[in-house]
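Residue numbers (the UniProt record's numbering): 1 to 395.
Working notes for the structure below.
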């Protein structure tokens, strides 16, 4: 069987089998070369230009490594590697920046696998497409290797993103984490001996979220882009977006194919992002100070809340944007096997529990505004718009 080696700065030599090479050369996989892994993070961290393509190769590599450690069959190992390679094919341009109701990139990946040349290639090599998509969804015991609390997807992107950001937070003992994975009552768990290695992974995750993924400048740029996209999204179907890369979407938003009535606003915002003339932080509050009820109310209709402030302060609509915190604590559900019992990691690790609480305490609710309206801050009275006690916000 033909093999090829691809050099990767993270995992060094990555070998690909014949079927993997065929999949790699499909248009669906090649599109990922032109979709950045971290959206607009390069505005803050200039070297963060890695794409979904190399990340997918990394996930494939780690999936194979886990399969070898668990002594899985050759067929199961190949299925896992293919699931790792294909798991991000359903991502849309700019990855997580496009907020589309009820959209799941996993479901879109499954659709593309089953409705394109990918399924023909899999069939030719006697591989069932349904098995690959089930693994991508995290179904079954082996699916947890691809998608779970501590999976190969997270392992790769934490190391890779840290490397390209130029920060030292992604120094994780992946070999130790993988070496402590085992099956317990048909569940993928981590042996207690690997607790310290997983704690280090959680530290890396926590630091990356605080300093890179949630960097305020990155968040501002992404919020501006998302608002510009919102005004053109009625002309874009999931099917059309699934064929686009980052540049395709930018070109669409900027050129005559975009028939949105808000085209002048879209052009202004995109030009501002390109030139790094970004909105500024107008107001910041701790998530703990305002609570879930307020956030749930605003999330239902962000624009209504924004317009209320804009009207009060004479700021044009869409030049003041609200950014709600996202609570993502799935990793703290990782299961640790201790003697004959299994526990969530935050139940037996004081460090993991402290990291979880720290993450919640550092979440912030932000309001951003065009710098032209910075003088309006003095007139902004938060209590008029934000209930700091747990009460229902009427907007």
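The C-beta atom is built at its ideal place from N, Cα and C for all residues, glycine as well.
Discussion item. Using 8 Å for Cβ pairs, my map puts residue 334 next to residue 198. What's the rounded Cβ distance?
Written reply: 6 Å
Worksheet entry | Integer-rounded CB distance, given that residue 153 should sit under 8 Å from residue 146 | 7 Å
Discussion item. Can you list, in chain order, the residues of its chain with a C-beta nearer than 6 Å to that of residue 373? Leave out the 5 residues immediately preceding and following it.
Written reply: 315
Worksheet item: So, is residue 370 buried or exposed, given that buried needs 16 or more other C-beta atoms within 10 angstroms?
Response: buried
Discussion item. Measuring straight from C-alpha to C-alpha, what distance separates residue 182 and residue 144?
Written reply: One C-alpha to the other measures close to 11 Å.
Worksheet item: Given residue 344, which residues of its chain have a CB within under 8 Å of its CB, disregarding the five upstream and five downstream residues?
Response: 332, 333, 334, 335 and 336
Worksheet item: What's the call for residue 229, buried or exposed, on a 16-neighbour Cβ count within 10 Å?
Response: buried
Fill in: Cα-Cα separation between residue 270 and residue 107, rounded to whole angstroms
29 Å
Item to complete: Just tell me which of 46, 249 and 149 has its CA closest to the CA of residue 31.
Response: 249
Practice prompt. Any chance you could list the beta strand (DSSP E) runs of at least 3 consecutive residues sitting entirely within the segment 264 to 320, in chain order?
Written response: 280 to 286
Discussion item. At the level of alpha carbons, what is the spacing between residue 388 and residue 294?
Written reply: Looking at the two C-alpha atoms, the distance is approximately 9 Å.
Worksheet item: Whole-angstrom Cβ separation of residue 365 and residue 317, contact assumed at under 8 Å?
Response: With a Cβ gap of about 20 Å, residue 365 and residue 317 do not count as contacting.
Worksheet entry | As assigned by DSSP and simplified to three states, the class of residue 238 | helix
Discussion item. I need the straight-line Cα distance from residue 284 to residue 247, nearest angstrom please.
Written reply: If you draw a straight line from the Cα of residue 284 to the Cα of residue 247, it comes to about 32 Å.
Fill in: Classification of residue 80 by the beta-carbon crowding that lies within 10 angstroms, buried from 16 upward
buried
Practice prompt. If I'm right that residue 203 touches residue 363 with Cβ under 8 Å, what's the distance once you round it to whole angstroms?
Written response: That pair is no contact at about 18 Å.
Practice prompt. May I ask which residues mark the beginning and end of the alpha helix (DSSP H) holding residue 247?
Written response: DSSP places residue 247 inside the alpha helix (DSSP H), whose first and last residues are 246 to 254.
Item to complete: Identify every residue that forms a DSSP beta bridge with residue 184.
Response: DSSP lists 187 as partners of residue 184.
Discussion item. So the candidates are 177, 162 and 179; which of them puts its Cα closest to the Cα of residue 171?
Written reply: Looking at the Cα atoms, 162 is the closest of the given residues.
Worksheet item: Going by other Cβ atoms of all chains shown within 10 Å of its Cβ, with 16 needed for buried, is residue 89 buried or exposed?
Response: buried
Worksheet item: DSSP three-state call for residue 99: helix, strand or coil?
Response: coil
Fill in: Opening and closing residue of the alpha helix (DSSP H) in which residue 13 lies
From DSSP, residue 13 is part of no alpha helix (DSSP H) but of the beta strand (DSSP E) over 12 to 16.
Worksheet item: Are three or more beta carbon pairs between the segment 41 to 58 and the segment 110 to 117 nearer than 8 Å?
Response: no
Worksheet item: beta strand (DSSP E) containing residue 335: first to last residue?
Response: 335 to 338
Discussion item. Check for me: the alpha helix (DSSP H) holding residue 7 runs from which residue to which?
Written reply: Residue 7 -> not in any alpha helix (DSSP H); beta strand (DSSP E) instead, spanning 4 to 8.
Item to complete: Report the option in 238, 227, 100 and 150 whose CA atom is closest to the CA atom of residue 195.
Response: Ranking 238, 227, 100 and 150 by Cα distance to residue 195 puts 150 first.
Discussion item. Which residue wins for smallest C-alpha separation from residue 39, given the options 165, 130, 289 and 234?
Written reply: 165
Worksheet entry | Simplified DSSP state of residue 212, which is helix, strand or coil | Residue 212: helix per DSSP, three-state reduction.
Item to complete: Classify residue 277 as buried or exposed, calling it buried when 16 or more other Cβ atoms lie within 10 Å of its own Cβ.
Response: exposed
Discussion item. With a threshold of 8 Å on Cβ separation, who are the neighbours of residue 241 within its own chain once the five nearest residues in sequence on each side are excluded?
Written reply: 92, 93, 98 and 249
Worksheet item: Does the pairing of the segment 11 to 30 with the segment 121 to 129 give three or more beta-carbon distances under 8 Å?
Response: yes
Worksheet item: Are the CB atoms of residue 321 and residue 223 nearer to each other than 8 Å?
Response: Yes.
Discussion item. Tell me which residues share the same chain as residue 125 and place their Cβ nearer than 7 Å to its Cβ, disregarding the 5 neighbours each side in the sequence.
Written reply: 19
Worksheet entry | Alpha-carbon to alpha-carbon, residue 212 and residue 187 | Answer to the nearest angstrom: the Cα atoms are 32 Å apart.
Item to complete: Apply the 10 Å Cβ neighbour rule to residue 225 and answer buried if 16 or more other Cβ atoms are within range, or exposed otherwise.
Response: buried
Discussion item. Rounding to the nearest angstrom, what Cα-Cα distance links residue 4 and residue 22 in this structure?
Written reply: 11 Å
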